Amino acid sequence: MSRRAVPDRRPVALTIAGSDSGGGAGIQADLKTMEAHGVFGTSAVTSVTAQHTRGVESTHVLPVEEVDAQVAAVREDFDVRAVKTGMLATTPIVERVTAHLGDWDVPTVVDPVMVATSGDRLLASEAEAAYAALLREATLVTPNADEAGVLTGIDVDDEAAMQQAGEALVETGVDAALVKGGHVDTDRVVDLLVTADGTRRFEGDRVDTVATHGSGCTLSSAVAAGLAQGASLEEAVEAGVTFVRRAVRYPLDVGEGPGAVHHLVDLRDRAARHATSEAVEGVVDRLVAAPTARAIVPEVGLNVAGATPYAEAPAAVAAVEGRITRTVSGIRPNRGVRFGASSHVARFLLSAREFVPAYRFAANCRYDDRVERALEGLDWTVASFDRGREPTADEEASTMGWGAKRAFEGASETPPVAVVDDGDVGKEPMTRVLAADAETLGDRLLALAAAVADA
733 MSRRAVPDRR
743 PVALTIAGSD
753 SGGGAGIQAD
763 LKTMEAHGVF
773 GTSAVTSVTA
783 QHTRGVESTH
793 VLPVEEVDAQ
803 VAAVREDFDV
813 RAVKTGMLAT
823 TPIVERVTAH
833 LGDWDVPTVV
843 DPVMVATSGD
853 RLLASEAEAA
863 YAALLREATL
873 VTPNADEAGV
883 LTGIDVDDEA
893 AMQQAGEALV
903 ETGVDAALVK
913 GGHVDTDRVV
923 DLLVTADGTR
933 RFEGDRVDTV
943 ATHGSGCTLS
953 SAVAAGLAQG
963 ASLEEAVEAG
973 VTFVRRAVRY
983 PLDVGEGPGA
993 VHHLVDLRDR
1003 AARHATSEAV
1013 EGVVDRLVAA
1023 PTARAIVPEV
1033 GLNVAGATPY
1043 AEAPAAVAAV
1053 EGRITRTVSG
1063 IRPNRGVRFG
1073 ASSHVARFLL
1083 SAREFVPAYR
1093 FAANCRYDDR
1103 VERALEGLDW
1113 TVASFDRGRE
1123 PTADEEASTM
1133 GWGAKRAFEG
1143 ASETPPVAVV
1153 DDGDVGKEPM
1163 TRVLAADAET
1173 LGDRLLALAA
1183 AVADA
């Protein structure tokens, strides 16, 4: 017998852009990003580039009639909810795309692709002027500092100039301008969303990487996907900026060049949540079954935490809700494992990952004379920090970040697997044990418990 099909309806978006044979930018990046956001991506290819992670070898621009035919075919058959434009290459293509948008009531994100990350030019200089008409039909334009300078004549070298360029772009008729600050020399990355109603500022940490190939395409596609799903412009931009910052933080190590941003980073992270939660549960089960585990549970309770591979906040860290506490006969978890259940251990783990990215699991254990003697007998690298010397605020997030920094920067070449602090006024001394995988964490906790029991 045949099985019944169960169709999956999804909003549709269209990307009009060039092909990147290296897969990191262009049409390829757009379609990956749209799919990762739950949107069905369609495409109109404007040009074909022979490209890899080191640069662009050659470019072949398609005849404008072929570009027009692709857009017309998609329009005729699909209920397109958003459009994104990327590499348009020539004046005739820019003008033909502008004509389509002029009689098409659909939100449009224009990524004014002019120069590749490698420095190779992707837009004919005479086509730059044609963008003025295109922007009048667009919902959002997403230039980096260099592109904003070409479009406005403003030297975009600081945040004030970004604001000025954004306002100048809005004056051309585009609804909004997202001026990206990745190329601006600042300690932190600032992106400005400028509209006629005001400016929304997005600020984040700068990531020490050159693997940013495809970041512009990925951001504009993420925003277009949000618009296709019915999000407001500000909601779509905020989600897109957050998404790309994680995609840049965890780049794909492919090719002999810098690599590319991770277009599926959120999808892969979500897919890992169940396995991460199960791994934490496995460690908890091992502890509960161990007769000696009671010896390492601190007064405040022990917690086991596991971070997803791309975790950026405690919400992506699974832990025991209510911690694990001692009983007359052993230990027991107060409740089950869920994401976001830990603040203390999760923040320390996330801070430790800045120094050892492979660390994904951690637990907080008691620290006293017996634990100290047990640690001395184990073949572990142990680091420490003194909370009493913390120079700034006493908030937990600050303490965990500062403590991890002190412990790891002061450690030997071998990363510590245990970090000790003596506590402070009102704070219980603690040992934090770290591992790259759950099985290793479980082994270390049981080894420590056995050593404490014998101490």
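FYI, this note's numbering numbers position 146 of the sequence shown as 878, with every residue one higher than the one before it. Ideal Cβ placement from N, Cα and C applies to all residues, glycine included. None of these values were measured; they are calculated from a predicted model.
Less than 8 Å separating the beta-carbons of residue i and residue j?
i, j, result
"Ala1047", "Ser1083", "no"
"Ala943", "Val993", "yes"
"Leu959", "Ala968", "yes"
"Gly1054", "Ala1011", "no"
"Arg1164", "Asn1096", "yes"
"Val788", "Arg742", "no"
"Gly987", "Gly750", "no"
"Val916", "Asp890", "yes"
"Leu1110", "Ala1179", "yes"
"Ser1116", "Val1152", "yes"
"Val780", "Gly948", "no"
"His784", "Gly989", "yes"
"Asp991", "Asp985", "Contrary to the premise, residue 991 reads as Gly rather than Asp in this sequence. A contact, by the Cβ cut-off of 8 Å."
"Tyr1042", "Arg1085", "no"
In this structure, does DSSP put residue i in helix, strand or coil?
i, result
"Ala1039", "strand"
"Lys816", "strand"
"Asp878", "helix"
"Pro1211", "The structure shown does not extend to residue 1211, since the chain is modelled only from 733 to 1187, so the question has no answer here."
"Ser843", "Position check: residue 843 holds Asp in this sequence, whereas Ser was assumed. Three-state DSSP puts Asp843 in coil, outside helix and strand."
"Gln783", "strand"
"His1076", "helix"
"Arg1092", "coil"
"Thr774", "strand"
"Ile886", "coil"
"Asp917", "coil"
"Glu891", "helix"
"Lys1159", "strand"
"Gly936", "strand"
"Glu1127", "Annotation note: pLDDT 49 at Glu1127 (below 50); position unreliable, coordinate value reported separately. Note: Glu1127 maps to coil in three-state DSSP."
"Arg1018", "helix"
"Thr791", "strand"
"Gly1135", "helix"
"Ser753", "coil"
"Asp811", "coil"
"Phe1117", "strand"
"Arg741", "coil"
Identify, in the order they occur along the chain, each residue of the same chain with its Cβ nearer than 6 Å to the Cβ of residue i, setting aside the five sequence neighbours on each side.
i, result
"Asp907", "Thr871"
"Arg977", "Gly936"
"Glu1160", "Pro1030, Glu1031 and Val1032"
"Ala746", "According to the sequence provided, residue 746 is Leu. The question's Ala does not apply to it. Excluding positions up to five away in sequence, the list reads Thr774, Val806, Val812 and Val815."
"Gly1174", "Val1015 and Arg1018"
For residue i, collect the residues of the same chain with a Cβ closer than 7 Å to its Cβ; drop the 5 residues on either side in sequence, then sort them by chain order.
i, result
"Thr830", "Ala865, Leu866 and Glu869"
"Lys764", "His995 and Leu996"
"Thr941", "Val980 and Pro983"
"Gln802", "Ala776 and Val777"
"Ala1078", "Ala1037, Pro1046, Val1049 and Ala1051"
"Phe810", "Val744 and Thr774"
Distance, Cα to Cα, residue i vs residue j?
i, j, result
"Ala804", "Lys912", "31 Å"
"Glu1127", "Glu767", "For Glu1127, the predicted model reports a pLDDT of 49, less than 50, meaning its position is unreliable; a value from the coordinates is still stated below. About 40 Å."
"Pro983", "Arg1005", "20 Å"
"Leu1177", "Ile759", "48 Å"
"Met1162", "Asp1100", "8 Å"
"Ala1139", "Arg1058", "28 Å"
"Arg1105", "Ala1182", "12 Å"
"Val922", "Leu965", "18 Å"
"Ser1074", "Gly905", "48 Å"
"Phe1087", "Glu1171", "21 Å"
"Pro786", "Val1020", "Going by the sequence as given, residue 786 is Arg instead of Pro. Each residue's alpha carbon lies about 52 Å from the other."
"Trp836", "Leu924", "27 Å"
"Gly834", "His769", "27 Å"
"Ala1072", "Pro739", "Rather than Ala, the amino acid found at residue 1072 in this sequence is Gly. Spanning the two alpha carbons is a distance of roughly 34 Å."
"Asn876", "Gly962", "25 Å"
Short of 8 Å in beta carbon distance, which residues of its chain neighbour residue i, apart from the five on each side in sequence? Order them along the chain.
i, result
"Val799", "Ile748, Ala776, Val777, Thr778, Ile825, Arg828 and Val829"
"Asp1169", "Ala1011, Arg1092 and Phe1093"
"Val902", "Ala908, Ala909, Val926, Thr927 and Ala928"
"Asp887", "Gly881 and Ala893"
"Glu1044", "Arg978, Arg981 and Leu1082"
"His1076", "Asn1035, Asn1096, Glu1128 and Met1132"
Below 8 Å on the Cβ atoms is my contact criterion, and I expect residue i with residue j to pass it. Report the Cβ-Cβ distance as a whole number of Å.
i, j, result
"Glu1013", "Val1069", "5 Å"
"Gln895", "Thr950", "That pair is no contact at about 24 Å."
"Ala1185", "Thr1008", "Actually they are not in contact, since the Cβ atoms of Ala1185 and Thr1008 sit about 30 Å apart, beyond 8 Å."
"Ser953", "Ala761", "7 Å"
"Ala900", "Thr884", "4 Å"
"Thr874", "Val838", "Incorrect: roughly 17 Å between the Cβ atoms, too far for contact."
Determine, using beta carbons only, whether residue i comes closer than 8 Å to chain C.
i, result
"Leu1166", "The chain labelled as chain C is not found in the depicted structure, where only one protein chain is given."
Kindly examine the ligand ZN and report whether one of its heavy atoms sits closer than 7 Å to the Cβ of residue i.
i, result
"Gly1014", "With respect to small molecules bound, the structure shown includes none, and the ligand ZN cannot be examined in it."
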